[in-house]
């Protein structure tokens, strides 16, 4: 449709080949794109919000499981190094956006390359961590030694020892022994059932009680069967975050390629800006994942 | 501090002014220091307050990233409203779910230990 002549006219009219015809100005175009990006980031926050909710519920119900697993299987040093890597890559990304706005092509290319390097470093360390979990048989489902369907070596039994399990030896909650006012009367049918509190469930969290590192043997019987809750949360949340890092590397490569072609300048840099926003969100989520998983103790 | 390039100066109607380099550097340093702080704070046993301290520091770091790296400090307030709405929904979601979790604890004891009266 567009002959070279009409294309040229359009370009001259707008002074800007990147300005879509339905926008008045590059500024308006950039602002609209940013609103769209923020709405997308809001949906990302809601998606991760569901996982953070699962984390909150499981940690609330089984605090000892999280103490035990994080203390035994997560490497705080690697987590902290990864946090620093991601913060640094966020910084280089922010500087890259600034460089694009200031027409500094070489700085922009350097910043994007450094950001890409940081992302790769983050994933490398993450791979080392995931591998360690594989070697220690603490993945999810049948690959986790604490799960009932695990069949590999070093299976951990969650069945309590016979002495602890004997129902007869279970201490009865004292309030059960209080005689009901209706006992032995004609109103026996009015005796209200009382529910014994399972002492294992009611026991105070080991960590707050002893302020020491929680071992598997310290866990209550229900907790021993819920060790999986931690690893499900861990792999789902860090895994989804890792997928975002991979996608981030893809889009950063894309704008790196475009900036090598010299497509960005002070007037047109919206893609750099939006990819920057995405990359900062990835950093933002890790800022919360790090203390929630690696710093429990 | 580098001055805006001539091209940028020609089009000074451009809405998104480049963030001054010193602000980016200061935010970066603050983020690194806060990371060190949160690791150090985790080493001290504060009982239940460990998680609160960790979350406060994380929220501070998040605020720095959102305001300065993500430009919300200078941006149109509409973008901030979008973010706040999302955070508000997540807050409702998590707080109601956690409240609900504990509400049924008395009824969730082991069934084999049910006993009636004496």
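Residue numbers (my numbering), protein chains in the order written: chain H, 120 to 416; chain B, 112 to 229. C-beta: ideal position from N, C-alpha, C; glycine also.
Mind checking if residue i is an interface residue toward chain H, Cβ cutoff 8 Å exclusive?
| i | result |
| --- | --- |
| residue 180 of chain B | yes |
| residue 163 of chain B | no |
| residue 184 of chain B | no |
| residue 213 of chain B | yes |
| residue 155 of chain B | no |
| residue 144 of chain B | no |
| residue 137 of chain B | no |
| residue 198 of chain B | yes |
| residue 194 of chain B | yes |
| residue 208 of chain B | yes |
| residue 151 of chain B | no |
| residue 160 of chain B | no |
Going by beta carbon distance, what residues of the same chain come within less than 7 Å of residue i, once the five residues before and after it are set aside?
| i | result |
| --- | --- |
| residue 218 of chain H | 226, 227, 230 |
| residue 370 of chain H | 394, 397 |
| residue 248 of chain H | 194, 197 |
| residue 409 of chain H | 198, 202 |
| residue 361 of chain H | 242, 245 |
| residue 191 of chain B | 183 |
| residue 405 of chain H | 202, 205, 360 |
| residue 145 of chain H | 135, 138, 386, 387 |
Under 6 Å Cβ to Cβ from residue i, same chain only, skipping five residues before and after it: list those, please.
| i | result |
| --- | --- |
| residue 186 of chain B | none |
| residue 275 of chain H | 264, 265 |
| residue 212 of chain H | 234, 395, 398 |
| residue 160 of chain H | 400 |
| residue 190 of chain H | 332, 416 |
| residue 384 of chain H | 222 |
| residue 285 of chain H | Unreliable placement is indicated for residue 285 of chain H, whose pLDDT of 42 sits below 50; no coordinate value is reported for it. |
Evaluate residue i with the Cβ neighbour count: other Cβ atoms within 10 Å of its Cβ, from every protein chain shown; 16 or more gives buried, anything less gives exposed.
| i | result |
| --- | --- |
| residue 214 of chain B | exposed |
| residue 373 of chain H | exposed |
| residue 431 of chain H | One cannot answer for residue 431 of chain H here, as it falls past the ends of chain H, which runs 120 to 416. |
| residue 166 of chain H | exposed |
| residue 386 of chain H | buried |
| residue 172 of chain B | buried |
| residue 270 of chain H | exposed |
| residue 332 of chain H | exposed |
| residue 415 of chain H | buried |
| residue 336 of chain H | exposed |
| residue 160 of chain B | exposed |
| residue 157 of chain H | buried |
| residue 253 of chain H | exposed |
| residue 156 of chain B | exposed |
| residue 202 of chain B | exposed |
| residue 181 of chain H | buried |
| residue 178 of chain H | buried |
| residue 165 of chain B | buried |
Counting only beta-carbon atoms, is residue i nearer than 8 Å to chain B?
| i | result |
| --- | --- |
| residue 217 of chain H | yes |
| residue 142 of chain H | no |
| residue 394 of chain H | no |
| residue 184 of chain H | no |
| residue 399 of chain H | yes |
| residue 342 of chain H | no |
| residue 414 of chain H | yes |
| residue 272 of chain H | no |
| residue 220 of chain H | yes |
| residue 225 of chain H | no |
| residue 157 of chain H | yes |
| residue 359 of chain H | no |
| residue 337 of chain H | no |
| residue 372 of chain H | no |
| residue 168 of chain H | yes |
| residue 195 of chain H | yes |
Pull the bridge partners of residue i from the DSSP assignment, please.
| i | result |
| --- | --- |
| residue 263 of chain H | H:257 |
In chain order, what residues of the same chain have a beta carbon less than 8 Å from the beta carbon of residue i, not counting five sequence neighbours either side?
| i | result |
| --- | --- |
| residue 184 of chain B | 178 |
| residue 134 of chain B | 179 |
| residue 168 of chain B | 145, 148, 149, 152 |
| residue 210 of chain H | none |
Between residue i and chain D, is any beta-carbon pair separated by less than 8 Å?
| i | result |
| --- | --- |
| residue 206 of chain H | Looking at the structure shown, chain D is missing, and the protein chains on hand are H and B. |
- Count the C-beta pairs between the region 204-214 of chain B and the region 139-147 of chain B that are closer than 8 Å, then say yes if the count reaches three, no if not. no
- Evaluate the contact criterion for the region 185-205 of chain H versus the region 341-353 of chain H: three or more CB pairs, one atom per stretch, below 8 Å. yes
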